[in-house]
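The structure appears below as structure tokens.
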Amino acid sequence: MFNRLKNRVLTVVSPEVAMIQAPQGHPDHHGKGHQRLPDKFTYARPCFLQLSSHDELKASADHNVRPIIVPRDISALPWTTGYAECVNSGKSEWNEDQAAFQRQILSHPSKQFPDLPYTYFGIFDGHAGYGAALAAANQFHHILHEKLVDVLDLLMPRLPATSETVLPHSLLFHRSVSKDELIIGALESAFAEMDAVLAEDRNKYRNAGGCTALAALFIFGKMFVANAGDSRAVLCQRVSTDLLKAQIVPHELKGAQIETGEENKTFRIFPIPFSHDHTPDTERSRLLSTAKLNPSFMGGEYIAMEYAKKPMTKDLGTRILYRQGTMKGWAYKTLTREDLKMPIVTGEGKRSRLLGTIGVTRGFGDHDLRAIGSNQPIKPFLSPHPEVTYRDLTKVISIPGDDNEDGDYGILVMATDGLWDVADSETVSRTVFQTLGKYPTEKHRYTMVAQELVAKSRGRVNESGHWRLADSKAAATVDDISVLVIPVYQYYVEFLEWEKACFERERAQEAKIPLTDTDTEESSNDVDLNGFFENGKEEETVQEHTNGQTIDKLDTFVEEAIEAQSTT
């Protein structure tokens, strides 16, 4: 008992000391004994917040005040991207969320290609400790970079015919492989390797618990979003009603919020989901199939079926509606004693649980997590595999002079479930554009959006010490909240500038005009800021995908509306 009290006091004073001085054999939240294992990374908040002192860390984790923390220097994030966070109301000692970003360059060894820049953002929501989220924030971008380097030859553009270097071409493979598929593969394999790193490290370092993972990658003038868990990414968009003269309204805009903006223009606001939550409820079919194919995963304690009503002992021998595996419909079976075991998935929605223990089914870590009651390992059901969604920004239609670039290209909001527990996508989209309207020219406008989103979800504490939403008196979130607000158009501007620089470079090479030292220096300076030019874009035929399926209905509608007006 004294050791537990000592460790709790040390955790309040200094998390890294508490972790290192945990007594031998002292179990963590997953029930595994650690023998004075050190942290691989010292606890910290995201580096762009610049909270360097211990006092600042303690202040950021004040559960009574729950201060909203934003970057001191808005230039610390690219494109004046907004970020805000606040700690939970006391469910864990420290904020278990983490966020990260990285701007990197892919350079081909031959030096005959222009460097390929990309920007990555990540949000990780930890559970049962901050170790897994902290490790992912510090390591995932290195792993992703290695995966992109692996396919660098195939990502680089085709050189002019005079070039001596010949790179592999898709025609040499048995199947055609697009650059989009290579980037998706890099993200998917990076997620798998990050999970493997945590598995390998768990006997060397104290990386407690697990975490969900949400990553956005901006490359080639495209936006890729990979998600594993219940953090969420939503692209908030708006369209001027002046562009919607036609009577037909597309499905995406039905019921959309109408807002009056600058110069009394009216807009239709609507969100586009760029991720889907992975919970025992949403992944019930996958989990049931996994259990059916691998009965040993259940240890004889659970049943891989779902019933229309809870089986009772008094109902033995009667017929009951059930489904299992990938069944979409229901069928009858005779109830047996085997059916009285606990289902592997219980509850519905956010209250659903896997083996009665955990509420998320994808992410990193949790390698030692065991089910409450049965002590059965849960990891065989948990997956690090992400769902990847992407959009080709070169296909977006934006009317020059309409001053709606943020609406046309969208504002990508990435947030942990602390935000989404009390806010839906429509409300978030409305808050985004209302806040931007209040700060039309300020550089910190996206930071103000992030701060407003966190403030609304955190709510205010009442006299009883309970956090309540300001507008409805309903319960506010008591979880950690982390929000990134990314102005997609700002990236696209960089991409266009880089595309132009690469086109001029290629034209000079084709004309056999040697580049001067000044030209080379200017081109190198552009690398850090801009996008990338794909020569001819010969293999890019897909406008926008969600797991391989086109979702460009809105762009198609606007195109048709413009053509109809031209014809008229």
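Just so you know, the sequence shown maps onto residues 1322 to 1889 in our numbering.
Ideal placement from N, C-alpha and C gives every residue a C-beta, glycine not left out.
The structure presented is a predicted model; accordingly, all values stated were derived computationally and were not measured.
Same chain, Cβ closer than 7 Å to residue i, neighbours up to 5 away in sequence not counted
i	result
Y1810	E1726, D1727, Y1730
I1699	L1675, L1676, T1678, I1679, D1687, L1690, R1691, A1692
G1646	L1609, S1610, K1613
G1411	H1384
T1737	D1418, I1444, D1446, S1552, D1801, I1802, S1803
Y1767	T1401, T1402, G1403, V1806, P1808
H1429	L1473, M1477
C-alpha gap between residue i and residue j, whole angstroms
i	j	result
T1678	F1618	15 Å
L1535	P1592	18 Å
F1702	L1661	21 Å
F1685	A1397	27 Å
C1532	T1752	28 Å
I1390	L1469	33 Å
P1664	D1742	25 Å
E1604	P1705	13 Å
Q1433	E1815	22 Å
L1476	L1465	15 Å
D1501	A1547	13 Å
V1560	E1747	14 Å
Y1643	M1769	50 Å
E1859	S1499	Residue placement at E1859 cannot be trusted, given a pLDDT of 38 that sits under 50; what the coordinates show is reported in the next sentence. C-alpha separation (whole angstroms): 10 Å.
A1529	A1453	6 Å
V1472	N1409	41 Å
P1594	T1562	22 Å
M1633	A1625	17 Å
Y1364	A1380	14 Å
Q1558	W1788	30 Å
A1420	P1367	6 Å
V1666	F1824	55 Å
A1517	H1463	14 Å
R1826	W1819	11 Å
Buried/exposed call for residue i, threshold 16 Cβ in 10 Å
i	result
V1386	exposed
W1651	exposed
I1504	buried
Y1653	exposed
L1519	buried
S1374	exposed
D1522	buried
T1798	buried
F1541	buried
Q1371	exposed
S1785	exposed
A1549	buried
N1281	Given a span of 1322 to 1889 for the chain in the structure shown, any question on residue 1281 remains unanswerable.
D1394	exposed
D1598	buried
R1658	exposed
Close-in-space but distant-in-sequence residues of the same chain around residue i (CB under 6 Å, 5 per side omitted)
i	result
A1405	I1389, V1391, A1771, Q1772, V1775, V1804
L1538	Y1441, F1545
C1320	Lying outside 1322 to 1889, the shown extent of the chain, residue 1320 is not represented and no answer is given.
Cβ neighbours of residue i in the same chain (closer than 8 Å, five flanking residues each side left out)
i	result
K1525	L1358, K1361
E1509	A1547, H1706, P1707, V1709
R1640	Y1653, K1654, T1655, L1656
A1507	L1465, K1468, L1469, D1471, V1472
Y1760	R1766, M1769
C-beta contact flag for residue i and residue j at 8 Å
i	j	result
D1418	G1447	yes
V1274	T1600	This structure gives no information on residue 1274, because the portion of the chain shown stretches from 1322 to 1889.
T1401	K1764	yes
D1800	G1739	yes
M1515	F1588	no
D1436	I1444	no
L1733	Y1813	no
R1424	K1543	no
D1892	S1695	This structure leaves residue 1892 out entirely; the chain is present only between 1322 and 1889.
W1415	A1382	yes
M1735	A1554	yes
Residues bridged to residue i [DSSP beta-bridge criterion]
i	result
L1663	According to the sequence displayed, residue 1663 carries Met and not Leu. According to DSSP, M1663 bridges with Y1623.
M1515	Answer is none; M1515 lacks a bridge partner.
W1788	V1782
A1536	G1443, A1547
G1686	G1531
I1505	Beta-bridge pairing links I1505 to no other residue.
E1708	N1548
H1448	G1531
V1734	V1555, V1806
G1403	V1806
S1793	In DSSP, S1793 forms no bridge with anything.
P1592	C1557
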